[in-house]
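What follows is a set of notes on a single structure, which appears directly below.
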């Protein structure tokens, strides 16, 4: 197994960060941990002596067929920009509620906030995303979704609805906008990832006919 040094993560977190993959516990035990933090990605759950499982990442997918999709007029494209509104930033933080970078107690909360702020900034300036849609009520952003085309696949990066506006089908409307954009950009499939711990999100994607295509266990191993 090859251990990969992650330069950006190391510089950002101020500690040497590595990445490794394993298929089972036997392979995991063969890893020679280096000083710092190692992200271990596994196809199945492994039992380790200390708590280190911080994410069970579920990937949902949906095949796209050409349909005439009606988009809510309150959904608009966020203009290419180098700044974000406080409402959009707050939505971004809400989207990371179950992030492994938030729930790992060894990662300072300010680093989680900075990480997600960089994510949305690089989305609205179109470095990480090709499109950003927001849903507004009375001129205030209460929902958002970011999209990236990768060949014939549309990947959803961030999706959030303000906690005070949930239950109004805003998430479903944003997903419809994403599907329409994907079709217009000649994508055949749309992918979205969430954490298994996020029961509401998992139920939501199943309800709108997305299927689980992958499950991955992510461990943070500190030394």
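Residue numbers (my numbering): 204 to 426.
Where is the CB? At the ideal position from N, CA and C, for every residue including glycine.
Runs of 3 residues minimum, wholly inside the segment 250-277: which ones carry the beta strand (DSSP E) assignment?
256-266
When DSSP builds the beta bridges, which residues end up paired with residue 396?
262
On the DSSP bridge list, what partners appear for residue 241?
221 and 424
Cα-Cα, which of 346, 271 and 303 is closest to residue 295?
Of the listed residues, the one whose Cα sits closest to residue 295 is 346.
Just mark residue 398 as buried or exposed, buried being the case when its beta carbon has 16 or more other beta carbons within 10 Å.
buried
In or out: residue 214 buried (at least 16 other Cβ within 10 Å) or exposed?
exposed
Whose C-alpha, out of 353, 360 and 406, is nearest the C-alpha of residue 386?
353
In terms of DSSP beta bridges, what is residue 283 paired with?
Note: residue 283 sits in no beta bridge, so no partner.
Excluding the 5 residues preceding and the 5 following residue 226 in the sequence, name in chain order all residues of the same chain whose CB lies nearer than 8 Å to its CB.
Same-chain partners within the cutoff: 245, 246 and 247.
Within the continuous alpha helix (DSSP H) that includes residue 323, where are the two ends?
312-327
Whose CA, out of 218, 290 and 350, lies closest to the CA of residue 392?
350
Does the segment 298-318 come into contact with the segment 326-334, if we say contact requires no fewer than three beta-carbon pairs (one atom in each stretch) closer than 8 Å?
With a cut-off of 8 Å, the segment 326-334 and the segment 298-318 do not count as touching, because too few Cβ pairs lie within range.
Starting from residue 212 and walking both ways along the alpha helix (DSSP H), at which residues does that stretch end?
210-216
Would you check if there are 3 or more beta carbon pairs closer than 8 Å linking the segment 412-422 to the segment 261-280?
yes
Measuring CA to CA, which of 243, 217 and 259 is closest to residue 206?
243
State the DSSP-derived secondary structure class of residue 337, mapped to helix, strand or coil.
strand
Nearest chain B C-beta to residue 272 closer than 8 Å, yes or no?
Within the model displayed, chain B is absent; a lone protein chain is all it includes.
At what residues does the alpha helix (DSSP H) containing residue 383 begin and finish?
373-387
Going straight from the alpha carbon of residue 428 to that of residue 270, what length do you get?
The structure shown does not extend to residue 428, since the chain spans only 204 to 426, so no value can be given for it.
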